[in-house]
Every structure is written in C-alpha cells, then in structure tokens.
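Taking this note's numbering, the leading residue of the sequence shown gets 2, the next gets one more, and so forth. The structure appears right after this line, and notes come after that.
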Amino acid sequence: MPTWNPLRHETCHIWSTPRLLAFEEHIPRLFVVIIDSGSGPEPIRLNNENDSNSDFTSVSEDDLPPIHAYGHTYHGSGRVWVPNDVSEASRLNLQHLLFKKLHRGRLTHTRLPDEISHGDFEILDVGTGAGTWAHEMGRQYPSANILGTDLSVALLHHYIPPNVRFEVFDAAEPWDDRKYHFINMRDLVGGGIRDWKGLLSSAFAHLYPGGQLEFVQFRCESSQASSSADEVPDALQEYQRTLQRMCDEQGLDFDPASSVPAWLDEMGAENICSRVRWLPTWIGRDALHAVSARNRHVGELGGILLPLVLENWAIMLFDKGGLGEDYTRDLISRIVEEQRLDQARICLKL
2 MPTWNPLRHE TCHIWSTPRL LAFEEHIPRL FVVIIDSGSG PEPIRLNNEN DSNSDFTSVS
62 EDDLPPIHAY GHTYHGSGRV WVPNDVSEAS RLNLQHLLFK KLHRGRLTHT RLPDEISHGD
122 FEILDVGTGA GTWAHEMGRQ YPSANILGTD LSVALLHHYI PPNVRFEVFD AAEPWDDRKY
182 HFINMRDLVG GGIRDWKGLL SSAFAHLYPG GQLEFVQFRC ESSQASSSAD EVPDALQEYQ
242 RTLQRMCDEQ GLDFDPASSV PAWLDEMGAE NICSRVRWLP TWIGRDALHA VSARNRHVGE
302 LGGILLPLVL ENWAIMLFDK GGLGEDYTRD LISRIVEEQR LDQARICLKL
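Below you can see the structure in the form of structure tokens.
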C-alpha cells in the first residue's frame, strides 16, 4: 500500500496580509483537502428523475423522536453529540459566512470545471446540516443537480431551489449506486462518523472519473496578543484537554483532517492538494492597524461563533463523561472571559 509523501502534494500556508506574519502560531487554520479522482472521459448520464419543483416533499421524514437535554434538541439516535436545533443552525450559518469570507465569496475552494454550468453535473453535499451550502450552490449553478444528505432534515431552509434535493441518509452506512462529479464534506465532526477512512472510501468510490472531493474541518485553538507569549489561556487548555479525553473515552475523532491526505493517497486519488489558511477570529486593539476590514469582519464572526462552537461540541459529551452541565457552562464562561482580554486571543483553527 503506498504511503503519502508530502513532497508529492501541495501544502499552502496562505496569509491575508504580510503584516499578520508575526501571528503565525496564533491565528486559525482552515484545512481544506481537494482531490481529483483521476482523469477520464466524462460519463453520459441517463434519465434524471430529480423533481423539478423540489421542496420539502423531496426529503424523507425523521423516524426517531428527538432527544431534549441541556436546553438543546438532539437527533433521536443518540449517536450525534452536537445539537439539532436553532443554536446549531446558527452555528452552521455563521460558519458558512466565515468560509465564504475566507474564500472571497466563493462557495468552494476547489476550482470547479466549466461543465457545472452546462447541465448533467451531479453534486453531493454530505452532512448538509441546514442545507445553506447546497441551497446557494443550487442558485449559483441552476443547471447542476445537487443532493444534500443528513441524518435529519430539521434544520433545512423553507425554500429549496428546483435543482436541489435533500434526503435523510446516514453516510456511515453503505451508499447506493449514484455517482457524482463533486462531493462536498464540511464540518462533519460530532459523533455521527466513527470511521472517517471508511467515509472517505465511500465518497471516493462514488466519484465519476475526473471527479473532485473537498473536505473542510476546523477545531478550537488559542492565541496570545504577543507572539512571544508561550502560555495557552488556562480555561482553553482545560477545555482542549477535556475534549480530547472525552473523545478518546467515547471513541470519537474530532480532528480527522490531518489524516485525510494519506488516506486518499492510499485509495489512489490524484492531484491531492492540502491547504492551511491562517486568519484571525478575534483582533485585539494591538492588531487593528495590521488587518483589513475583511479580516476584522472575520474576527467579529469568530467572536460570535466561538461560544456556540464550545457549547455545542461539549455540553453533551462532557456530561456523558461525568463532568456535568454546570462544569461545562462554567468552563465556557471562563474561556469567553479570557477572550475579552487583550492578553489572550482565542482562535478557531479552520
């Protein structure tokens, strides 16, 4: 089995402005993996049975009653540790805005082929969540056929473009025979996926020749106002250690991104490109002069997003590990307080 050689693939550290180089170790990263499944002729797709008047009738219904706990609503299977409610929809929509800012308004980091505008182009959004990405892709590319799948449809938009469909589907289960030209996987951590390599194998096997896959994931990290500072803020250190310990105890992996390029290489993927983007999610007074209005907006979005991420990732996971809801909420409050200090800058590693 071949091993992944970083020298054979592109790894890019892309900075918003040269004046932010001083903060190299202290600003968030967006890990994007883009792969091409290999060259080959485009297939001829036969009869497309997509409903041209797609709406909520195009999705299946959730079979399991939801779980209500910690002031949140969760998927009835109990497998997913992040909520399935308004707070999670807010988190997903804020993340979507942040990703678009990082991509300068684009919906993908991947350069999509011209064929996407000429019909017969199949797109899959795995773990579609609120469906925002699929919704906007459908409006931007009205000739493409877009399918969003998730364990639940509770967070979906009320309006769905006619070329977009949603289905209740567990991506951890065997996939059907459909193939796609582009597969989007964004922010899938949360317990629903235990076998990340198996998920990627399923996706890769369902790409047309020449198809593309984009995998995007983020995690929480910390930063200091001064690049010479060594200490990670105490509360965030505690959160990170506890999150890792709880994940280990439950058999979860909240940080699969670093393994993705090697897995895809083993599967025979071509043109693997892994990108790390460093951008601030909160800017202290000392850095305001060094960043553009665009990056200040990113920082503002990150400041709003941070408490949602911290709570939705941890509130059930920590409680199931015996720490209790009160402990988790107090810890998050301390992290948010650290964020308010110019001496401590909390970042999201994207």
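Cβ coordinates follow ideal geometry from the N, Cα and C atoms, glycine included.
For M268, which of helix, strand or coil comes out of DSSP? coil
Separation of L237 from E339, as counted between CA atoms: 8 Å
Near L125, which residues of its chain fall below 6 Å by C-beta distance, leaving aside the five closest residues on each side in sequence? L148, Y181 and I184
For N185, report the span of its beta strand (DSSP E) as first-last. Y181 to R187
With distance defined between alpha-carbon atoms, name the residue in L189, H110 and Y160 nearest to H136. Y160
Where Q245 falls, given that 16 or more other Cβ within 10 Å makes a residue buried: exposed
Name the two residues that bound the continuous alpha helix (DSSP H) containing N146. Looking at the DSSP string, N146 is not in any alpha helix (DSSP H); the run it does join, the beta strand (DSSP E), is N146 to D151.
Best match in V154, P162, D177 and S260 for proximity to E168 [C-alpha to C-alpha]: V154
Would you kindly check if the distance between the Cβ of L306 and the Cβ of R92 is under 8 Å? yes
Using the C-alpha atoms, what's the distance from F216 back to E116? 21 Å
Where H136 falls: helix, strand or coil (DSSP): helix
If we ignore side chains and look at the alpha-carbon of each, how far apart do D266 and R341 end up? 42 Å
Do you know how far the Cα of L113 is from the Cα of V261? 21 Å
Going by DSSP in three states, D256 sits in which element: helix, strand or coil? coil
Strand pairing of H73, partner residues [DSSP]: A70
When DSSP labels each residue in this structure, what does I273 get in the three-state scheme? strand
Pair every Cβ in the segment 312-321 with every Cβ in the segment 294-302, then say whether three or more of these pairs are closer than 8 Å. no
Could you tell me how far apart the beta carbons of Q218 and P257 are, in whole angstroms, since I believe they sit closer than 8 Å? 7 Å
Continuous beta strand (DSSP E) stretch holding D327: start and end: Careful: D327 lies outside any beta strand (DSSP E), inside the alpha helix (DSSP H) at E326 to R341.
Could you tell me the distance, in whole angstroms, from the CA atom of S53 to the CA atom of P234? Because the pLDDT at S53 is just 36, under 50, the model does not fix this residue reliably, and the value given afterwards should be weighed accordingly. Spanning the two alpha carbons is a distance of roughly 52 Å.
CB contact flag (L156, A206, <8 Å): no
Close-in-space but distant-in-sequence residues of the same chain around K321 (CB under 6 Å, 5 per side omitted): none
Per-residue DSSP class, three states only, for L108: coil
Compare the C-alpha of L302 against each of Y142, Y71 and L99 and name the closest. L99
Identity of the residues DSSP links to E301 by a beta bridge: In DSSP, E301 forms no bridge with anything.
Simplified DSSP state of L95, which is helix, strand or coil: helix
Where G193 and G120 are concerned, what is the direct C-alpha to C-alpha distance, given to the nearest angstrom? 32 Å
Separation of G304 from R335, as counted between CA atoms: 14 Å
Under 7 Å Cβ to Cβ from D331, same chain only, skipping five residues before and after it: list those, please. none
Give me, in chain order, the residues of the same chain whose beta-carbon lies closer than 8 Å to that of Y240; leave out the 5 immediate sequence neighbours on both sides. C221, L311, A315, L332, I333 and I336
DSSP three-state assignment for I316, whether helix, strand or coil: helix
For C274 and T111, the rounded distance between their alpha carbons: 10 Å
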